[in-house]
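Residue numbers (the numbering used here): 1 to 251.
Right, dumping it as structure tokens:
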């Protein structure tokens, strides 16, 4: 981590973390929970829905928690994290549905959401790093991501033949239905990059387009004989994507 002193060009190395390997390491910046809990409590259970959680013991200021993350810390639905988009005195509204609706047994905490580095290299668990502490990200079935990308306000990860995406603006949360398989007999996914409003995903001799938004996505394979020759031979610019295939540089 490097800090820049205001009005000066003097950079200072203030902290660092160590990887087991630096081969093909990829980094992005995305939003994750941060710091100590701002609020804790137990859900009242009554009238909870997939997008609304009640705590009738509270008297919150309206919309005080917009942009924060609620985490269900115990009881029914434990482990889920969601972005808060509104609140009133006793209710929290989340942007994407709970896969398991909290009940009166569910405890919760509310955290700040900050932009942090997220790092992966395909051989160890992907982790977030705030400049002081590194924390592993919980991925579906503990998969190891070989690449990362940001698209449609989500963190995307790639492992083998599978494409994964997080909840909107919440890199801590990958739900069970957030996996897109791509098995076409062409080995594993090598790289992916965003191009305008689509995501282009490459294998050795094929590539596809991921389109859609708001958690609903479809894929369309665009080639079965042209793909990525080398994982670091991919760049995006001027609303075009450039990559090296067996034929040469493709646009």
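Glycine is no exception: its CB is placed at the ideal position from the N, C-alpha and C atoms.
Considering only residues of the same chain and omitting the five flanking positions on each side of residue i, which have a CB-CB separation below 7 Å?
| i | result |
| --- | --- |
| residue 63 | 86 and 87 |
| residue 73 | 107, 108 and 109 |
| residue 229 | 244, 245 and 246 |
Can you tell me where the beta strand (DSSP E) holding residue i begins and where it ends?
| i | result |
| --- | --- |
| residue 204 | Unbroken run through residue 204: none, as it is neither H nor E. |
| residue 196 | Residue 196 -> no beta strand (DSSP E), and no H or E assigned at all. |
| residue 71 | 69-74 |
| residue 181 | 179-181 |
| residue 113 | 107-120 |
| residue 101 | Element bounds for residue 101: n/a, residue is neither H nor E. |
| residue 91 | 91-94 |
| residue 219 | 216-223 |
| residue 131 | It is not in any beta strand (DSSP E) - residue 131 carries neither H nor E in the DSSP assignment. |
| residue 293 | This structure gives no information on residue 293, because the portion of the chain shown stretches from 1 to 251. |
From the DSSP output, in three-state form, read off residue i for me.
| i | result |
| --- | --- |
| residue 140 | helix |
| residue 231 | coil |
| residue 239 | coil |
| residue 60 | coil |
| residue 86 | strand |
| residue 81 | strand |
| residue 150 | strand |
| residue 162 | strand |
| residue 30 | strand |
| residue 175 | coil |
| residue 213 | strand |
| residue 39 | strand |
| residue 187 | coil |
| residue 50 | coil |
| residue 45 | coil |
| residue 55 | coil |
Could you pull out every residue in the same chain whose Cβ sits closer than 6 Å to the Cβ of residue i, ignoring the five residues on either side in sequence?
| i | result |
| --- | --- |
| residue 250 | 243 |
| residue 163 | 180 |
| residue 81 | 69, 71, 170, 172 and 173 |
Roughly how many angstroms separate the alpha carbons of residue i and residue j, rounded to a whole number?
| i | j | result |
| --- | --- | --- |
| residue 193 | residue 204 | 15 Å |
| residue 172 | residue 248 | 39 Å |
| residue 144 | residue 175 | 16 Å |
| residue 120 | residue 49 | 35 Å |
| residue 105 | residue 166 | 26 Å |
| residue 42 | residue 55 | 7 Å |
| residue 133 | residue 213 | 32 Å |
| residue 222 | residue 240 | 15 Å |
In its own chain, which residues sit with a C-beta less than 8 Å from the C-beta of residue i, not counting the 5 before and 5 after it?
| i | result |
| --- | --- |
| residue 113 | 31, 32, 33, 34, 67, 68, 69, 83, 169 and 170 |
| residue 177 | 99 |
Is the CB of residue i under 8 Å away from at least one CB in chain C?
| i | result |
| --- | --- |
| residue 123 | No chain C is part of this structure, which consists of one protein chain only. |
Q) Quick one: any contact between the segment 148-158 and the segment 219-235, if contact means 3 or more CB pairs under 8 Å? A) no
Q: Determine contact between the segment 174-192 and the segment 205-213, defined as no fewer than three beta-carbon pairs at a distance below 8 Å.
A: yes
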